[in-house]
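K.L.:
Numbering (my numbering), first residue to last: 4 to 350.
#1: Who are the Cβ neighbours of residue 57 in its own chain at under 8 Å, not counting the five residues just before and after it?
#2: Determine the direct distance from the alpha carbon of residue 48 to that of residue 55, and round the result to whole angstroms.
#3: Given this structure, state the Cα-to-Cα distance separating residue 81 from residue 302, to the nearest angstrom.
#4: To the nearest angstrom, how far is it from the Cα of residue 140 to the Cα of residue 319?
#5: Within its chain, find whatever has a CB closer than 8 Å to the CB of residue 226; leave out the 5 residues flanking it on each side and keep chain order.
#6: Compute the Euclidean distance between the alpha carbons of residue 112 and residue 172, then round it to the nearest angstrom.
#7: For residue 74, I'd like the list of residues in its chain whose CB is within less than 8 Å of its CB, leaving aside the five on either flank, ordered along the chain.
#8: Should the stretch 153-170 be regarded as contacting the stretch 233-240, the criterion being three or more beta carbon pairs within less than 8 Å?
#9: Does residue 29 come out as helix, strand or coil in the three-state DSSP assignment?
#10: Short of 7 Å in beta carbon distance, which residues of its chain neighbour residue 35, apart from the five on each side in sequence? Order them along the chain.
#11: Do residue 63 and residue 157 have their beta-carbon atoms positioned less than 7 Å apart in this structure?
#12: Going by CA-CA distance only, name the one from 308, 143, 114, 146 that's closest to residue 132.
#13: Counting only the same chain and skipping the five closest in sequence on each side, list residues whose C-beta sits under 7 Å from that of residue 242.
#14: Measuring only the C-alpha atoms, how far is residue 265 from residue 309?
#15: Restricting to Cα atoms, I'd like to know which of 219, 53, 239, 33 is closest to residue 69.
#16: For a test of the three-state rule: what should DSSP assign to residue 343, helix, strand or coil?
#17: Are there 16 or more other CB atoms within 10 angstroms of the CB of residue 2, so buried, or fewer, so exposed?
#18: What span of residues does the alpha helix (DSSP H) with residue 142 cover, start to end?
#19: Measure how close the beta-carbons of residue 37 and residue 229 come, nearest whole angstrom, since I'm counting them as under 8 Å.
#20: Whose C-alpha, out of 136, 344, 87, is nearest the C-alpha of residue 246?
#21: Quick one, which of 168, 333, 327, 314 has its alpha-carbon nearest residue 60's?
#22: When you compare the CB of residue 57 with every CB in chain C, is at least one pair closer than 7 Å?
#23: List the whole-angstrom C-beta distance separating residue 116 from residue 108, where the pair is believed to meet the contact cut-off of C-beta under 8 Å.
#24: Who are the near neighbours of residue 93 in its chain, counting only those whose CB is closer than 7 Å to its CB and skipping five residues on each side?
#25: Assuming residue 88 is part of the alpha helix (DSSP H), what are its boundary residues?
#26: Can you tell me whether residue 32 is buried or exposed? The criterion is at least 16 other CB atoms within 10 Å of its CB, across all chains shown.
#27: Decide if residue 41 is buried, meaning its Cβ has at least 16 other Cβ atoms within 10 Å, or exposed.
#28: Is there at least one non-hydrogen atom of the ligand HEM closer than 6 Å to the beta-carbon of residue 94?
#29: Would DSSP call residue 111 helix, strand or coil?
#30: Take residue 85 and list the residues in its own chain whose beta-carbon comes closer than 8 Å to its own, dropping the five residues that flank it on each side.
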């Protein structure tokens, strides 16, 4: 049989240069967000007079929309800036090789900090790897829940202002129609009353469209900033996953399965294949994929040799059965001949 070397499947030979691995700074996304806000401010400055008129149609609701937008912008910037100390802690840890010497404990990387301790050369199982990544992913998602809610809140406030203005418009139009007195017969008075009465519906329309404009514009601005924050978090998560995959010992989870593979049935082999596929999907990284490929080749050769030996054993048993049948026929003929000889001699 071919021997499957579990040492080749683990992470005892760490990736060359892994200690020099560093996470990228999120400040590139931070300055992209700052540049975007500068462009937005420049556009608002150009359209300041029109924006001021639109804002004054309903200062209360429009001020609330602007306030929600400012709070959302601060939160999104905080999402990016909170990655900076995490990246600094990780890069410092890679430099000194001891988590206890880095300084203050991280927030997002707290689960990894608890597992690393003062170890530099380390190995993680795939279950531990998945637990760490799931914990970090959950914390990243929770940090963006508020900003996502504020994006929807801006749209809601814009729609609220729209319906508020439309309600006022409908009421004003009704008052204008009820106030017209065609019995006077003076068209000039009727037109004057109509002109003065239309100011109310126009104010309502201004409230509706100004609130809708501010709400949708604020949602667009905050949505773009949240997108950049999401990109920064995704890059942080991906780079961290790549490094953790490079120090993951795949063989530690597969060794018990390999030890029981000699007496495996076809169903057991199929279950083993599914297990390997699951580990390959969860492990991530080129190194894990290569280890899975090497393991699959070893298992395939092992199963092939087992089947060959089983076939040889079946052939040998069949040959022994044929020889036993032939010997039995020979013994039967010999017994018949002896019996015939004895009968002939007695006569």
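Beta carbons: idealized from backbone N, C-alpha and C, even for Gly.
P.N.:
Put simply:
#1: Against the chain shown, residue 57 aligns to sequence position 54. Closer than 8 Å at Cβ, skipping near neighbours: 65, 209, 212, 213, 216, 217.
#2: The residue you call residue 55 lines up with position 52 of the chain shown. The residue you call residue 48 lines up with position 45 of the chain shown. Roughly 10 Å separates the two Cα atoms.
#3: Working through the chain shown from its first residue, we reach residue 81 at position 78. Working through the chain shown from its first residue, we reach residue 302 at position 299. Residue 81 and residue 302: Cα-Cα distance of roughly 50 Å.
#4: Counting from 1 along the chain shown, the entry for residue 140 is found at position 137. Counting from 1 along the chain shown, the entry for residue 319 is found at position 316. Going from the Cα of residue 140 to the Cα of residue 319 covers about 58 Å.
#5: Locating residue 226 in the chain shown gives position 223, where the first residue counts as 1. Result list for residue 226: 154, in chain order.
#6: The count along the chain shown starts at 1 and reaches residue 112 at position 109. The count along the chain shown starts at 1 and reaches residue 172 at position 169. Each residue's alpha carbon lies about 55 Å from the other.
#7: Against the chain shown, residue 74 aligns to sequence position 71. Answer for residue 74: 153, listed in chain order.
#8: no
#9: Taking the first residue of the chain shown as 1, we reach residue 29 at position 26. Here residue 29 sits in coil by DSSP.
#10: As a working note, residue 35 is residue 32 in the chain shown. Contacts found: 231.
#11: Here residue 157 corresponds to residue number 154 of the chain shown, with the count starting at 1. Here residue 63 corresponds to residue number 60 of the chain shown, with the count starting at 1. Against a cut-off of 7 Å, the Cβ pair of residue 63 and residue 157 comes out as no contact.
#12: For the purposes of this step, residue 132 is taken as the residue at position 129 of the chain shown. When each option's Cα is compared against that of residue 132, the closest is 114.
#13: Residue numbering aside, residue 242 sits at position 239 when the chain shown is read from its first letter. So the qualifying residues of the chain are 26, 27.
#14: Your numbering for residue 265 matches position 262 in the chain shown. Your numbering for residue 309 matches position 306 in the chain shown. A caution first: residue 265 carries a pLDDT of 49, below 50, which makes its placement in the model unreliable, though a value can still be read off. Cα-Cα distance, rounded: 8 Å.
#15: Along the chain shown, one-based indexing puts residue 69 at 66. Comparing Cα positions, the closest option is 219.
#16: Start at 1 with the first residue of the chain shown, and residue 343 comes out as number 340. Helix, per DSSP.
#17: Because the chain is modelled from 4 through 350, residue 2 falls outside the range shown and cannot be assessed.
#18: Start at 1 with the first residue of the chain shown, and residue 142 comes out as number 139. Residues 129-146.
#19: Here residue 37 refers to the residue found at position 34 of the chain shown. Here residue 229 refers to the residue found at position 226 of the chain shown. With a Cβ gap of about 15 Å, residue 37 and residue 229 do not count as contacting.
#20: To locate residue 246, count along the chain shown from 1; it is residue 243. Checked all of 136, 344, 87; the closest Cα to residue 246 is 136.
#21: Position 57 of the chain shown holds residue 60. That would be 168, whose Cα lies nearest to the Cα of residue 60.
#22: Here chain C cannot be found, since the structure has a single protein chain.
#23: Against the chain shown, residue 116 aligns to sequence position 113. Against the chain shown, residue 108 aligns to sequence position 105. Contact holds; Cβ gap of about 6 Å.
#24: Taking the first residue of the chain shown as 1, we reach residue 93 at position 90. Answer for residue 93: 26, 112, listed in chain order.
#25: On the chain shown, position 85 is the one that residue 88 refers to. From DSSP, the alpha helix (DSSP H) with residue 88 extends over 86-99.
#26: For the purposes of this step, residue 32 is identified with residue 29 of the chain shown, where counting begins at 1. When all chains shown are included, residue 32 counts as buried.
#27: Here the question's residue 41 lines up with position 38 in the chain shown. Exposed, because fewer than 16 other Cβ atoms sit within 10 Å of the Cβ of residue 41.
#28: Questions concerning the ligand HEM fall outside what the structure shown contains, since it holds no ligand whatsoever.
#29: One-based indexing of the chain shown puts residue 111 at position 108. Coil at residue 111, not helix or strand.
#30: As a first step, residue 85 must be located in the chain shown, where it is residue number 82. The answer, listed in chain order, is 110, 111, 146.
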